[in-house]
Every structure is written in C-alpha cells, then in structure tokens.
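K.L.:
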Amino acid sequence: MSQALAEQDQYLSDFERFEERGAAPAWVQSIRREAISRFAALGFPSTKDEEWKYTNVAPILRIPFKPAAAESNGLTTVEALERTISISLPPERLVFIDGRYSKELSSRRRLPERVRVSSLAAALANDLEALQPHLARYADFKTHAFVALNTAFLEDGAFVYIPRGAIIEEPIFMLFISLGGGKAEVSYPRNLIVADRDSQVTLVEAYVGLENGVYFTNGVTEIVAGENAFVDHYKLVREGEAGFHVATQQAHLERNSNFRSHLITLGGSLVRNDVNAVLAGEGVECTLNGLFLAAAQQHVDSHTRIDHVKPHGMSRELYKGILDGKARGVFSGKIYVHKSAPKTDAKQTNKNLLLSKDASIDTKPQLEIYNNDVKCTHGSTIGQLSQDALFYLRARGIGLEEARGLLTYAFASEIIRGIKVASIREQLDQLVITRLGDKFRGKERLL
Amino acid sequence: MLEIRNLHTSVSGREILRGIDLNVRAGEIHAIMGPNGSGKSTLAHVLSGRESYEVTAGEVIYEGKNLLQMTPEERARDGIFLAFQYPVEIPGLSTTYFLKAALNAIRKHRGLEELDAMDFLVLVKEKMKVVEMEQELLNRSINEGFSGGEKKRNEIFQMAVLDPKLAILDETDSGLDIDALRIVANGVNTLQSAARAMIVITHYQRLLNYIVPDHVHVLYEGRIVKSGAKELAEELEAKGYDWIKEEVEAARGAGA
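Keeping their order, the protein sequence lines are chains A and B.
All residue numbers for the first sequence refer to this note's numbering, where the first residue is 14 and numbers rise by one.
All residue numbers for the second sequence refer to this note's numbering, where the first residue is 873 and numbers rise by one.
This is the structure we're talking about:
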C-alpha cells in the first residue's frame, strides 16, 4: 500500500472514532459524512494534480498525525500564554489552543446587540440560525481533499456574525496557537464569518506555532459579505519551524460589497493557502493582497482564485514574495470571468524577490475570460535586489546588511502600507527590516 | 586630502582609465571636463567604491588611507560623497527614512550620538533651504516620480545633511534648465568651505559660471591631458574639445 493510501486510511479510521464521540445537529453530521466520503474518493493530492504541481504534500503524509486531544494542556492563564508566544494579546479575541476554543484565554468586550462572536462549537451546540444557511456552503469539499478533510472533522473554530447595519470598528482577533507538545497532532480549525448587509467589520486570523512543535493545521474559513457590507480581513501565518499549514479561505461576496483580504505568511515548514473569492453579486469590489517571506527550507504556496460571476465587479490582486536561503515559493492566481460578468475590471500582479541563489519561485498567473466586454490585466516578475539601489544606499554610508534590509522592506512596503490595523502594520515594519538572510528564522514574533 | 596616482581601471576587460594623477587639497574645487566616453563617470564611481570597476594599477590615498581597500559605506562614513549622475529611484523607501539611517551610520562611525527623529527633523528643515527642497518630496519614496531637477536637488540636499569632506559631483548639471541649475549651483556654493574639497565633473562649462573651480582638468581617453585654471574651461566652451583631441594626436605623432 502506498504511503498516501495508508495515511488516508488512518484519517478515515480517525473519523469513525470522531463520529462516535462528536454530538452535533443532524444536518452537520450529514455534511461531515458527505465530506469524508468525498475525501475517501479523492485521496490526498499528488504533484500530478495541476493545482498541486509545485507542492508535494508527502512530508505531511509521512508523519502519523493524530487528532488533537481535547484535554487542557496546562496553558490556562493569559500570562503563561503571553510568555510562551511573546506577544501582548489584543483585548477582543477568541483564542484556540491546538484547534480548541479556550474560554480562559479568550476575552470579549461588550459588542452591539445581536453581534455574535463565539466558538463554532458553542454555536453548533445551540444550532444558531445563522449557521445552517452558510456553514460548508461555500468552501468546496467536493473537489478539494483538504477542505473535505477539514469539513469531515469540523467541530470548533470561530463563529462571527455581524447583523445588518452593525459597524464594528475595533478588529476582532482570532488567535490559533499550536503547541505541538511532543505529540504530532492535527487540528481542523473551522471558521465562519457572516457580515450581514450594510455591516462593517475588521477581522484578524493569526496562526502561531511554537518553535519546535511538529503539528498540522488544516483550516477552512468561510466568509460571507452581504449586500453593501465591508469586510477587511487579515490572515497571518506564523507557524513554527516544523509546523504544517494547509488552509482554504473562501469568500462569498454579495451585491455592492467590499472585501479586502490580506494574507501574510511568515513561518511554517510547509504552508499552502488557497484564497478564493466569488463575486456573486453586481458591483462587488474585491482586493486580495498577499505577502510571503520564506527562508531556510521553507515551502510557501499561495493559490488564489477570483470568480467574477456578475457585472461591474472589480478585483485588485497584489501578491509579493520574498524568498531567501533554500526557500521555495509558489504563486498561482486565477481570475475567472464568467460569461455573465460583463464590465468586469480585474487586475492581478505577482512580484517576487529572490535574496539568494538557492531560493526559487514558481509563479503562474492565469486569466480565463468568457466575456468580451471586460478589462483584465495580469503580470508577474521575479527579481533580485537592485545592485544600483544597493550601491546608492552604501554610497551614503549604510552598511551592506542594513541596505539589503531597507531594500527588502521597500519591496514589501506596498503591501504593509495597505494594512489598516496599526498593531499589525507596525510589527511587520520592524519584522521585515530586521529579518534577513538566515536571520529570517530569527526569534522575532508576530502575533 | 586625496591623492590619485597612476590609476588604471577596466570594466569587463576594457580599459577605461589609463593612468590618472590628481591631487586634491581641502578647500579646493577641481573641475573635471571632457568629451563623452572619456572616463569621467568611471573616475567618480571608482572613487566611491563601485565594485563593477576593476582597478588594474595605481593607488588612491585619502587622508592617509588606502581608499581602494575600503567598502563604499566605509568611504561614505569617512566623508566621501558622490552626487550621482543618475540618482536611483527606490519605490517604498522614503527619503527621510533612508537619510536618517545614512546620517546615523556616519555619526556612529564618527563617535557621535545617533540623532532621534525630532533632532533629525530639525536638521532636515534647516538643510532643505539649501536647495529649496519641499518637505513633500522628502516624505515620498526616494526619487520616485521626481523630475530631473528634483533628483539633482535631492542629491545636493543629501550632501548638505551628510556634511562630507570630499564631494564628487558627477554631471550634476546635465539635463537641468537654467533655474534648476542656479538652485543646485547655489546649494553647492553654500556648502563650500575651507575644510571641504569638491570634484565637479561636467561635460559643459555652463555650470562653472556658477561654481568657480580652482583647477580645471581635461580628461580624454582615460588620461588627464590638460590642466589649468578656470580660464581653461572658458576656452573649452569657446573652442569645443576637438583642439584637445588634435593636440593629443599631434603629441602622439611626435612621440612615435
């Protein structure tokens, strides 16, 4: 039996035990079962699959990850947590340890009436009415094996519901911490964010791992922006050196909504993110920004897909990669303009900076257009630090290492400037300037 | 301050400078003129440490030190400043941020305390006047979208902030209209002092109506073929470079 098949069987038998244990509404159980049968049929992807051509998941399959245990892990005080991951925690936050909601570590302030910010587990236990129309309705578990696996094991994560017209000014943080803790464990964070019409919200999803923990985070986040809603979303991936992260973010955008997505990838052994947005109503504005920094042997893959389904949609996509050491980056961006989407205005750009001769990037920008009345452009570049610019800085007295740092920062700043959450922007500023060369693996922490 | 002895350099195997000798003392202004391709910009880049030029013979002594052994940043910290002919655009990095990093690197090297943001701003405000620089330009990315004149002003502004001992101006005048030229030249004159030396590289005599040199050298085919006082510049302007070329050819013929 091949490694992938044996590993698949392992996940299937884990599911049987999970199903015996996990109480959930009948409609959820039925989704789980449908998802596991899709996973059984699909199996894990191999590099023969076009969408996985440059990312080999074998390193994940080699390790027999077990579902994260439910018991508490000793990290129960805010002080202990802050010490462990060296950050100060934002005041409005949901905290998850190895995929499970921690009431002790989370903190909630008074939010307007009818705003729901809770764990998905709690929302499922109460079978809240906002769940069923949305949960597992957008992220495609029928063709994507990792989404299927996550959906089969869906149990906990963040649930955010912003009712019609509510304006939430302070960002809501969702902090996912993986401790590893000696056992190789897999967690399946499952997040659902629904911003009803005319509402506005800023969300930060941060994934943080400890330095040496071996673990696998398989996440799915579904985001719904209702009519005329404004959603500003940030995802930060700062997994530990031996952490694996495979996740899908699926946004469903209704008429005249405005969605801004920022994917910042800073750490992890193998990180794959699928960021998908469907412009399902007329006049949607969608921004997908991304910045990935990788060094040493890291592998970072960012896959994006934007579906323009209705007229007058606008999408702006800018992904920038900075690769050092022997790191390998992948960018794949597809803009799919349906026949039903005239007057689409789409622009996609991918720019990559290679800081060492052993670093590499595979970039694959794609346009598929089935309507003639559209404006679409795309482009990608791969380059090194400009020798002219380096000399210019050095000729002013700035040392070589600092000059490299400043130019790397300059490259990233276009993305960083677009970040509206000040605490993230400021930390990134410092992080990008100071992390260079082998220092990419340094001890600076971001959230 | 600076002594160049028999300097030979080549770029990818092609010899550009073929034996330069030049002495520059504190307080002096030296103009280096010459036709296109004579090696003027190469000399400027070699003095500031550009690595793509290979020095094949000769030496350069700066304040008693072997200049050619120093990195570009060491030279800058020891007081050498190059005003670039083509200042580089760096999107994403503001002039103020960059210049503060540069100034503090130099101050640290000189054993001075690093300036904080407030003190730096005070200094910048004062030096902006030298070249009538606007604050708005400083907050923008370095030279991005600047006009030719704004880029050259930015170079002289940086020189004012960094306060070098030896300034090398590489065709700072080229491409400037007369108003911009006047502003840049006035800036340079303001910065002239008994402790500072300047090497002004130019293709045109026009700049030297505003910046009066103590010595004028003509560079041709990688050698200084003629040196004189400021009148030499006027003669070049009136007669062009052809007579220099003819003199060189004649001398070569006589030598053969």
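The beta carbon of each residue, even a glycine, is placed where N, CA and C say it ideally should be.
#1: So is residue 261/A buried or exposed if we call it buried at 16+ other beta carbons inside 10 Å?
#2: Taking only beta-carbon positions, decide if residue 407/A is within less than 8 Å of chain B.
#3: Find the nearest neighbour of residue 912/B within the set 898/B, 933/B, 890/B, 930/B, judged by alpha-carbon distance.
#4: Just verifying my parser: in three-state terms, what is the DSSP assignment at residue 436/A?
#5: DSSP on residue 42/A, reduced to helix/strand/coil?
#6: For residue 1121/B, name the three-state secondary structure that DSSP assigns.
#7: Residue 174/A versus chain B: which residues are under 7 Å apart at the beta carbon?
#8: Are three or more beta carbon pairs between the segment 436 to 446 of chain A and the segment 876 to 886 of chain B nearer than 8 Å?
#9: Using 8 Å as the cut-off, can you tell me whether the segment 92 to 105 of chain A makes contact with the segment 117 to 124 of chain A, which would need three or more C-beta pairs spanning the two stretches below that distance?
#10: How would you list, in chain order, the residues of chain E whose beta-carbon sits under 9 Å from the beta-carbon of residue 940/B?
#11: Quick one: which residues of the segment 1057 to 1070 of chain B get their C-beta closer than 7 Å to a C-beta of chain A? List them in chain order.
#12: I need the straight-line Cα distance from residue 287/A to residue 330/A, nearest angstrom please.
#13: Under 6 Å Cβ to Cβ from residue 452/A, same chain only, skipping five residues before and after it: list those, please.
#14: With H, G and I counted as helix, E and B as strand and the rest as coil, what does DSSP make of residue 352/A?
#15: Roughly how many angstroms lie between the CA atoms of residue 894/B and residue 401/A, to the nearest whole one?
#16: Along the chain, where does the alpha helix (DSSP H) that runs through residue 944/B open and close?
#17: Would you say residue 410/A and residue 948/B are within 8 Å of each other, going by their C-beta atoms?
#18: Compare the C-alpha of residue 289/A against each of 435/A, 296/A, 274/A, 281/A and name the closest.
#19: In whole angstroms, what separates the C-alpha of residue 254/A from that of residue 279/A?
#20: For the segment 346 to 371 of chain A, enumerate the residues whose C-beta is nearer than 7 Å to any C-beta of chain B, in chain order.
#21: Name, please, each residue of chain B whose Cβ falls closer than 7 Å to the Cβ of residue 383/A.
#22: Let me confirm a value: residue 460/A is counted as buried when at least 16 other C-beta atoms fall within 10 Å, else exposed. Which label applies?
#23: Determine the extent of the beta strand (DSSP E) in which residue 301/A is found, giving its start and end residues.
#24: Quick check: is the beta carbon of residue 411/A nearer than 8 Å to any beta carbon in chain B?
#25: Run through DSSP, which three-state label would residue 262/A get?
#26: Between residue 945/B and chain A, is there a C-beta pair that is closer than 8 Å?
#27: On the three-state DSSP scale, how would you describe residue 311/A?
#28: At 9 Å on the CB atoms, spell out the chain A contacts of residue 1028/B, in chain order.
#29: With DSSP as the reference, please indicate the residues paired to residue 132/A in a beta bridge.
#30: In whole angstroms, what separates the C-alpha of residue 968/B from that of residue 384/A?
#31: Would you mind telling me which residues of chain A sit closer than 8 Å to residue 949/B, beta carbon to beta carbon, in chain order?
#32: Quick check: is any heavy atom of the ligand ZN less than 7 Å from the C-beta of residue 374/A?
#33: With H, G and I counted as helix, E and B as strand and the rest as coil, what does DSSP make of residue 458/A?
#34: So, at 7 Å on beta carbons, what are the nonlocal neighbours of residue 1048/B in its own chain, with the 5 sequence-adjacent residues on each side left out?
#35: Counting only the same chain and skipping the five closest in sequence on each side, list residues whose C-beta sits under 6 Å from that of residue 312/A.
#36: Kindly confirm or deny that the segment 896 to 910 of chain B and the segment 923 to 930 of chain B touch, where touching means at least three C-beta pairs closer than 8 Å.
P.N.:
Reading it off the structure:
#1: Residue numbering aside, residue 261/A sits at position 248 when the first sequence is read from its first letter. So residue 261/A counts as buried.
#2: What you label residue 407/A is simply residue 394 of the first sequence in a count that begins at 1. At least one chain B Cβ lies under 8 Å of residue 407/A.
#3: On the second sequence, residue 912/B is found 40 positions in, with the first residue counted as 1. Ranked by Cα distance from residue 912/B, the options 898/B, 933/B, 890/B, 930/B are led by 890/B.
#4: Position 423 of the first sequence, counted from the start, is the residue given in the question as residue 436/A. DSSP places residue 436/A in helix when its eight states are reduced to three.
#5: As a first step, residue 42/A must be located in the first sequence, where it is residue number 29. For residue 42/A, the three-state secondary structure derived from DSSP is helix.
#6: Sequence index remark: in the second sequence, residue 1121/B carries index 249 (1-based). Under the three-state reduction of DSSP, residue 1121/B is assigned to helix.
#7: Residue mapping note: residue 174/A aligns to position 161 of the first sequence, counting from 1. The premise fails here: residue 174/A is roughly 38 Å from chain B at the closest Cβ pair, so nothing lies under 7 Å.
#8: Between the segment 436 to 446 of chain A and the segment 876 to 886 of chain B, the count of C-beta pairs closer than 8 Å stays below three; the two stretches do not touch.
#9: The answer is yes - the segment 117 to 124 of chain A touches the segment 92 to 105 of chain A, with three or more Cβ pairs under 8 Å.
#10: Given the protein chain composition of this structure (A and B), no chain E is represented.
#11: Per Cβ criterion, the list is empty.
#12: Within the first sequence, the letter at position 274 stands for residue 287/A. Within the first sequence, the letter at position 317 stands for residue 330/A. Whole-angstrom Cα-Cα distance: 14 Å.
#13: Within the first sequence, the letter at position 439 stands for residue 452/A. Because the pLDDT of residue 452/A is 43, which lies under 50, any placement of that residue in the model is unreliable, and the number read from its coordinates should be weighed accordingly. Excluding residues within five positions, none has a Cβ falling inside 6 Å.
#14: Locating residue 352/A in the first sequence gives position 339, counting from the first residue. DSSP places residue 352/A outside both helix and strand once states are collapsed to three, so it counts as coil.
#15: Here the question's residue 894/B lines up with position 22 in the second sequence. Here the question's residue 401/A lines up with position 388 in the first sequence. Residue 894/B and residue 401/A have their alpha carbons spaced roughly 27 Å apart.
#16: For this step, residue 944/B is matched to residue 72 along the second sequence. It spans 944 to 949 - the alpha helix (DSSP H) in which residue 944/B sits, taken as one unbroken run.
#17: One-based indexing of the first sequence puts residue 410/A at position 397. One-based indexing of the second sequence puts residue 948/B at position 76. Yes. Within cutoff.
#18: Numbered from 1 along the first sequence, position 276 holds the residue referred to as residue 289/A. Per the Cα distances, 274/A.
#19: The count along the first sequence starts at 1 and reaches residue 254/A at position 241. The count along the first sequence starts at 1 and reaches residue 279/A at position 266. One C-alpha to the other measures close to 10 Å.
#20: In summary, no residue of the segment 346 to 371 of chain A has a CB separated from any CB of chain B by less than 7 Å.
#21: Within the first sequence, residue 383/A is the residue found at index 370, counting from 1. Within chain B, no C-beta atom comes nearer than 7 Å to that of residue 383/A; the closest sits roughly 35 Å away.
#22: The residue labelled residue 460/A in the question sits at position 447 within the first sequence. The predicted position of residue 460/A is uncertain, since its pLDDT is 38 and thus under 50; a value taken from the coordinates is nonetheless stated next. Answer is buried; the Cβ neighbour count reaches 16.
#23: Numbered from its first residue, the first sequence carries residue 301/A at position 288. 298 to 307 is the extent of the beta strand (DSSP E) around residue 301/A.
#24: Within the first sequence, residue 411/A is the residue found at index 398, counting from 1. Yes - at least one Cβ of chain B is within 8 Å of the one on residue 411/A.
#25: Against the first sequence, residue 262/A aligns to sequence position 249. In the structure shown, the three-state DSSP call for residue 262/A is strand.
#26: Translated into positions along the second sequence, residue 945/B becomes position 73. Chain A contact via Cβ: present.
#27: By 1-based counting over the first sequence, the position of residue 311/A is 298. Reduced to three states, the DSSP call for residue 311/A is coil.
#28: In the second sequence, the residue the question calls residue 1028/B occupies position 156. Listed by position along chain A, the residues whose Cβ is nearer than 9 Å to that of residue 1028/B form an empty set, because the closest Cβ is around 13 Å away.
#29: What you label residue 132/A is simply residue 119 of the first sequence in a count that begins at 1. DSSP, once it has assigned bridges, lists 171/A as partnering residue 132/A.
#30: Working through the second sequence from its first residue, we reach residue 968/B at position 96. Working through the first sequence from its first residue, we reach residue 384/A at position 371. Straight-line spacing of the CA atoms in residue 968/B and residue 384/A works out to 47 Å.
#31: Taking the second sequence and counting its residues from 1, the one referred to as residue 949/B is at position 77. Within chain A, the residues near residue 949/B are 410.
#32: Ligands displayed in this structure: none; no statement on the ligand ZN is therefore possible.
#33: In the first sequence, counting from the first residue as 1, residue 458/A sits at position 445. Residue placement at residue 458/A is poorly supported in this model, since its pLDDT is 38, which falls under 50; the coordinates still yield a value, given next. Note: residue 458/A maps to coil in three-state DSSP.
#34: By one-based count along the second sequence, residue 1048/B stands at place 176. These residues qualify, in order along the chain: 1020, 1021, 1024, 1056.
#35: As a position in the first sequence, residue 312/A is number 299, starting the count at 1. The residues are 283, 341.
#36: Proximity of the segment 896 to 910 of chain B to the segment 923 to 930 of chain B falls short of the contact definition, fewer than three beta-carbon pairs being nearer than 8 Å.
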